[in-house]
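K.L.:
The following block contains the structure, expressed as structure tokens.
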Amino acid sequence: MITLGIETSCDETAVAVVQDTFEVRSSLIASQVHLHERYGGVVPEVAARAHVEALNPLLEEALAKAEVGLGDIDGVAVTVGPGLVGALLVGMAAAKAISLGAGVPLIGVHHLEAHYWANFLEHGPPEPPYVALIVSGGHTMLVHVPELHHHVVLGQTLDDAAGEAFDKVARLLGLGFPGGPAIDAMAAEGDPTAIRFPRAMEDSRNLDFSMSGLKTAVLRHVKAERAADRDLHLPDVAASFQEAIVDVQVTKTIQAAAQTGVPTVLLGGGVVANTRLRERLREAGEAADLRVLVPSLGLCTDNAAMVACLGSARLARGERTTLDIGADPNLRLPA
Ligand code: KG4
Ligand code: ZN
29 MITLGIETSC
39 DETAVAVVQD
49 TFEVRSSLIA
59 SQVHLHERYG
69 GVVPEVAARA
79 HVEALNPLLE
89 EALAKAEVGL
99 GDIDGVAVTV
109 GPGLVGALLV
119 GMAAAKAISL
129 GAGVPLIGVH
139 HLEAHYWANF
149 LEHGPPEPPY
159 VALIVSGGHT
169 MLVHVPELHH
179 HVVLGQTLDD
189 AAGEAFDKVA
199 RLLGLGFPGG
209 PAIDAMAAEG
219 DPTAIRFPRA
229 MEDSRNLDFS
239 MSGLKTAVLR
249 HVKAERAADR
259 DLHLPDVAAS
269 FQEAIVDVQV
279 TKTIQAAAQT
289 GVPTVLLGGG
299 VVANTRLRER
309 LREAGEAADL
319 RVLVPSLGLC
329 TDNAAMVACL
339 GSARLARGER
349 TTLDIGADPN
359 LRLPA
């Protein structure tokens, strides 16, 4: 069974072809980072236009690379939310046209469910139950998955997403956009214990997150150093900030697994590309006797292989999406 996947929820145009759900035949990503860099963040209208330009050539290339034609595909999967509505609609329009034109079923998928499904491309789907930590540019959440495709949100951010905090602090430190990879690299040269930034809600049994206090603390530190005419030691600031975020995520993830009694933790989303987060969660998982699954680096950030994989699994269960489905920027994880 050949499934085509399309992802246009934010600033990457991505197309992939998977065979029998888990085998990636091709997976291509056209990044728009260079278009948004100078604005210091993703500009929705610019993103939608860039998707329109990039999508058709990318579709052709992905099919060619997978050595299939539209006549060979058995289904088309597309992200329907959450994300930027104008951006989502570009991918959805293409997916609907292909579904109609090729006479194959359409399946709409949830972007965040797809993020942790990226793990299954490499490991196959383990038996639920598990807990998923989903950390991206727009979301930070801990989710209990008692059964395949069923989600119970255990906690989420009350303000900024983790990726957003990385991006904002990187901008403050003059490290450019996107901020996550820049801080990750800078932190490697720094001392994570140099500055003690606050760990928001780390001790509470509550599994929600908050980033605003940490962000303010970094801003205050930068201002105080400037006022005192001291040079900022960027690697130390980056490492200390990163450690504060990572500490809270590790603690809460382990706590979520303990509270629900699951044996497996799945990580997903762009921030899971973070070197320190991967390292610390692996260690913490080992110490707590948990199986921690982490997608390889290229499958953490936005891609269409994860969309095709999840869509293919849903199609195989007989699920279908009708052509009148709309984009939903605030789509909830299926309960
Ligand atoms: O999942 P993703 O590609 O897009 C969304 O669904 O939002 O996540 C993008 C986010 C950005 O905020 C980016 O700064 C962050 O992931 N990111 C990282 C790293 N690589 C990407 N954050 C921390 N460390 C990284 N190495
Ligand atoms: Zn994403």
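Per my numbering, numbering through the sequence shown is continuous, rising by one, with the last residue being 363. Note that the Cβ used here is the ideal one computed from N, Cα and C, for glycine as well.
Where does S324 fall in DSSP's three states?
P.N.:
As a working mapping, residue 324 is identified with position 296 in the sequence shown. S324 falls in the coil class under three-state DSSP.
K.L.:
What is the DSSP secondary structure of L170, reduced to helix, strand or coil?
P.N.:
Taking the first residue of the sequence shown as position 1, residue 170 is located at position 142. Note: L170 maps to strand in three-state DSSP.
K.L.:
On the criterion of 16 or more Cβ atoms from any shown chain inside 10 Å, does M214 qualify as buried, or is it exposed?
P.N.:
Start at 1 with the first residue of the sequence shown, and residue 214 comes out as number 186. So M214 counts as buried.
K.L.:
Hey, would you say T185 sits closer than 9 Å to A142, going by beta carbons?
P.N.:
Looking up residue 185 in the sequence shown gives position 157. Looking up residue 142 in the sequence shown gives position 114. Taking 9 Å as the Cβ cut-off, T185 and A142 do not qualify as a contacting pair.
K.L.:
Between D188 and the ligand ZN, is the CB less than 8 Å from at least one heavy atom?
P.N.:
Within the sequence shown, residue 188 is the residue found at index 160, counting from 1. It does not: the Cβ of D188 is nowhere closer than 8 Å to a heavy atom of the ligand ZN.
K.L.:
Would you mind reading off the limits of the beta strand (DSSP E) that contains R248?
P.N.:
What you label residue 248 is simply residue 220 of the sequence shown in a count that begins at 1. No beta strand (DSSP E) contains R248, which is instead part of the alpha helix (DSSP H) from 240-255.
K.L.:
Unbroken beta strand (DSSP E) runs of length 3 or more, entirely within the segment 121-183: which are they?
P.N.:
Counting only runs of 3 or more, we get 134-138, 158-163, 168-173.
K.L.:
For G354, decide whether its Cβ has a neighbour in chain D, counting only Cβ atoms nearer than 9 Å.
P.N.:
Judged by its chain identifiers, the structure shown contains no chain D, having just a single protein chain.
K.L.:
Output the residues surrounding the ligand ZN, defined as those with a CB atom closer than 6 Å to any ligand heavy atom, in chain order.
P.N.:
Selection output, chain order preserved: H139, H143, S164, G297, G298, D330.
K.L.:
Ordered along the chain, which non-local residues of its own chain (more than five positions away) have a Cβ less than 8 Å from that of D259?
P.N.:
Working through the sequence shown from its first residue, we reach residue 259 at position 231. If we look at D259 and ignore the five residues flanking it on each side, its Cβ neighbours are E253.
K.L.:
Please classify F50: does DSSP put it in a helix, a strand, or coil?
P.N.:
Reading the sequence shown from its first residue, position 22 is the one you call residue 50. Coil.
K.L.:
Below 8 Å, can you find three or more Cβ-Cβ pairs linking the segment 317-327 to the segment 78-95?
P.N.:
Short answer: they don't touch.
K.L.:
Near N302, which residues of its chain fall below 6 Å by C-beta distance, leaving aside the five closest residues on each side in sequence?
P.N.:
The residue given as residue 302 occupies position 274 in the sequence shown. For N302, where only same-chain residues beyond five positions count, the Cβ hits under 6 Å are D212.
K.L.:
Per the contact definition of three or more C-beta pairs closer than 8 Å, is the segment 117-127 in contact with the segment 301-318?
P.N.:
No, the segment 301-318 is not in contact with the segment 117-127.
K.L.:
Find the nearest neighbour of T329 within the set N147, L200, M239, judged by alpha-carbon distance.
P.N.:
Here residue 329 refers to the residue found at position 301 when the sequence shown is read from its first residue. If we check each option's Cα against that of T329, N147 comes out closest.
K.L.:
Measuring CB to CB, does S164 end up less than 9 Å from V293?
P.N.:
For this step, residue 164 is matched to residue 136 along the sequence shown. For this step, residue 293 is matched to residue 265 along the sequence shown. No, these two residues do not count as a Cβ contact at 9 Å.
K.L.:
Are the Cβ atoms of L201 and P226 separated by less than 9 Å?
P.N.:
On the sequence shown, residue 201 is found 173 positions in, with the first residue counted as 1. On the sequence shown, residue 226 is found 198 positions in, with the first residue counted as 1. Going by C-beta atoms, L201 is not nearer than 9 Å to P226.
K.L.:
Tell me the DSSP secondary structure of I211 in three-state form.
P.N.:
The residue labelled residue 211 in the question sits at position 183 within the sequence shown. It is helical.
K.L.:
Can the beta-carbon of I57 be found less than 9 Å from the beta-carbon of T349?
P.N.:
Residue mapping note: residue 57 aligns to position 29 of the sequence shown, counting from 1. Residue mapping note: residue 349 aligns to position 321 of the sequence shown, counting from 1. Not a contact, by the Cβ cut-off of 9 Å.
K.L.:
Run the proximity test for H172: is its beta-carbon closer than 8 Å to any non-hydrogen atom belonging to the ligand KG4?
P.N.:
Residue numbering aside, residue 172 sits at position 144 when the sequence shown is read from its first letter. No, the beta carbon of H172 sits no closer than 8 Å to any heavy atom of the ligand KG4.
K.L.:
Assuming F237 and T288 form a contact by the criterion Cβ under 8 Å, report the distance between their Cβ atoms to the nearest whole angstrom.
P.N.:
In the sequence shown, residue 237 corresponds to position 209, counting from 1. In the sequence shown, residue 288 corresponds to position 260, counting from 1. Actually they do not touch by this definition, with Cβ atoms about 17 Å apart.
K.L.:
Apart from the five residues just before and just after C38, which ones in its own chain have a Cβ nearer than 8 Å to its Cβ?
P.N.:
For this step, residue 38 is matched to residue 10 along the sequence shown. Result list for C38: V70, A75, G111, L112, A115, G165, G166, D330, in chain order.
K.L.:
Per DSSP, which one or two residues make a beta bridge with I57?
P.N.:
For the purposes of this step, residue 57 is taken as the residue at position 29 of the sequence shown. BP columns for I57 point to A42.
K.L.:
Nearer than 8 Å: is that true of the beta carbon of A301 relative to any heavy atom of the ligand KG4?
P.N.:
The residue given as residue 301 occupies position 273 in the sequence shown. True, at least one ligand heavy atom lies under 8 Å from that Cβ.
K.L.:
Quick one, which of A267, E35, V159 has its alpha-carbon nearest M334's?
P.N.:
Residue numbering aside, residue 334 sits at position 306 when the sequence shown is read from its first letter. Nearest of A267, E35, V159 to M334, Cα basis: E35.
K.L.:
Using 10 angstroms around the beta-carbon of K251, count the other beta-carbons present and answer buried if the total reaches 16, otherwise exposed.
P.N.:
Residue mapping note: residue 251 aligns to position 223 of the sequence shown, counting from 1. When all chains shown are included, K251 counts as exposed.
K.L.:
Taking only the alpha-carbon atoms, compute the straight-line gap between V118 and W145 and give it to the nearest angstrom.
P.N.:
Indexing the sequence shown from 1 puts residue 118 at position 90. Indexing the sequence shown from 1 puts residue 145 at position 117. Their backbone Cα atoms lie some 23 Å apart in a straight line.
K.L.:
Pick out whichever of A105, V181, F194 has its Cα sitting closest to the Cα of R360.
P.N.:
Taking the sequence shown and counting its residues from 1, one reaches residue 360 at position 332. When each option's Cα is compared against that of R360, the closest is V181.
K.L.:
Would you say G296 and L149 are within 9 Å of each other, going by their C-beta atoms?
P.N.:
By 1-based counting over the sequence shown, the position of residue 296 is 268. By 1-based counting over the sequence shown, the position of residue 149 is 121. Taking 9 Å as the Cβ cut-off, G296 and L149 do not qualify as a contacting pair.
K.L.:
Does the Cβ of E40 lie closer than 8 Å to at least one heavy atom of the ligand KG4?
P.N.:
Residue 40 sits at position 12 when you count from the first residue of the sequence shown. Result yes, Cβ under 8 Å from the ligand KG4.
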